[in-house]
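With the working numbering applied, the sequence shown corresponds to residues 592 to 756, in that order.
Virtual Cβ for every residue (Gly too), placed ideally from N, Cα, C.
Values in this document were obtained by computation on a predicted structure and should not be read as measured data.
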Amino acid sequence: MRLQRGVSLLEVLITLLILKLGLLGVLAGQTLALQYVIDATQRTTAVALSATLVQELGAVLTDHPAFSLELNAASLAEMPDCSAEVSCNATQLRDYQLARWQQLWQSETERAAPLFSPQFCLQFAGSSVQLQASWQQRANAEDTTTLSCEAGPGRSALALTARVP
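Written as structure tokens, this is what we have:
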């Protein structure tokens, strides 16, 4: 009887197959983790931008009539000419704050993890401000869905309601 030494080709192939499957699992886990990080960054950006707007409008909105508007990347808010030399009324000051805020989130879209196809809906009635925001999820960035402030297939959403003093 002959004593075998070393490993056979079959054992090497089985070992390589197991190693390949393990590495594919690690790669899939890394890809999923990266998607979660991008989604979390988008949520954080949306929360920060929404809180900034509500805080800035809270300082401006007092005893104003109710209004409602929608903003997205295609609709540019008109910036009134407000400066130290030219005073603005309350509506112009509100529009100025909205235009500056829109410039802020549009500059955010040029950074590493932007909001894809953002849509913001703002409603002011009485003493409360309601802001809804939605954006395209990165995993579904190629899908062409209609812009809406509501969450839907492939879109994440955020709703924020605040009382204005």
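| query | Any beta-carbon of chain D closer than 7 Å to the one on S719? | reply | Checking the listed chains, one finds no chain D in this structure; it contains a single protein chain.
| Cut-off 8 Å between Cβ atoms - residues of its own chain near L695, not counting five sequence neighbours on either side | L640 and T643
| said: In this structure, how does DSSP classify A642 when only helix, strand and coil are distinguished? | reply: helix
| Rounded separation between D630 and D672 - CA only | 37 Å
| Touching or not, the segment 714-722 and the segment 604-615, by the rule of three or more beta carbon pairs under 8 Å? | When Cβ pairs closer than 8 Å are counted between the two stretches, the segment 714-722 is seen not to touch the segment 604-615, the count staying below three.
| Going by DSSP, what residues sit across from L749 in a beta bridge? | L749 pairs with A724.
| Same chain, Cβ closer than 6 Å to L660, neighbours up to 5 away in sequence not counted | L713
| Nearest neighbour of P709, chosen from E602, I609, S666 and A716 [CA to CA] | S666
| request: Would you kindly work out how many angstroms separate the C-alpha atoms of L623 and A681, rounded to a whole number? | output: 47 Å
| message | Run through the DSSP bridge pairs and tell me what G743 is partnered with. | response | The beta-bridge partner set that DSSP reports for G743 consists of R746.
| task | Please report the Cβ distance between V645 and L749, rounded to the nearest whole angstrom; I am assuming they are in contact, meaning their Cβ atoms lie under 8 Å. | result | That belief does not hold up - the Cβ atoms of V645 and L749 are roughly 12 Å apart, past 8 Å.
| request: Measure the Cβ-Cβ separation of Q683 and V651 and say whether it is below 7 Å. | output: no
| request: Spatial neighbours of D686 within its chain, please: CB distance less than 8 Å, with the 5 preceding and 5 following residues excluded, ordered by chain position. | output: Excluding the 5 residues flanking it on each side, D686 has same chain C-beta neighbours closer than 8 Å at A668, E669, M670 and P671, in chain order.
| task | Out of R593, A657 and F707, point me to the one whose CA is closest to T632's CA. | result | F707
| Pairwise C-alpha distance: A753 and V628 | As the crow flies, the alpha-carbon of V628 is around 28 Å from that of A753.
| field | Within 7 Å, strictly: CB atoms of L662 and F711 | value | It is a contact, given that the beta carbons lie within the stated cut-off.
| request: State the Cα-Cα distance for the pair G743 and T606, rounded to the nearest angstrom. | output: 45 Å
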